[in-house]
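What follows is a set of notes on a single structure, which appears directly below.
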Amino acid sequence: MAKIPAAQARMFKNTFLCKRCGAKVRVQARKILEGKVQCRRCKKKAFRAAKKG
Ligand SMILES: [Zn+2]
Numbered sequence: 008m009a010k011i012p013a014a015q016a017r018m019f020k021n022t023f024l025c026k027r028c029g030a031k032v033r034v035q036a037r038k039i040l041e042g043k044v045q046c047r048r049c050k051k052k053a054f055r056a057a058k059k060g
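Under our numbering, the very last position in the sequence shown is 60; numbers go up by exactly one each time.
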């Protein structure tokens, strides 16, 4: 089933996954880049962008 690119961008653009525990956080990408975001589960600051799938 085809998905709508705009909707996907909206869903994944500001969503990041904790590299350590996999918790999902939705926050502005800029804050991730600035290192201002902590995982609320494990307090780590390592995140990766969420990908579709
Ligand atoms: Zn975590």
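The C-beta atom is built at its ideal place from N, Cα and C for all residues, glycine as well.
Q | Check whether V32 and C49 have beta carbons under 8 Å apart | A | no
**Message:** Could you check whether F54 and K26 sit closer than 8 Å to each other, using their CB atoms as the reference points?
**Reply:** yes
ask   = Within 10 angstroms of its Cβ, does V34 collect 16 or more other Cβ (buried), or is it exposed?
value = exposed
For K37, which option in A56, I11, A14 has the closest C-alpha, if you only look at C-alpha atoms?
Sequence check: residue 37 is Arg here, not Lys. Considering only alpha carbons, the answer is A56.
Is any non-hydrogen atom of ligand 1 found closer than 7 Å to the C-beta of A30, if you look at the structure I gave you? yes
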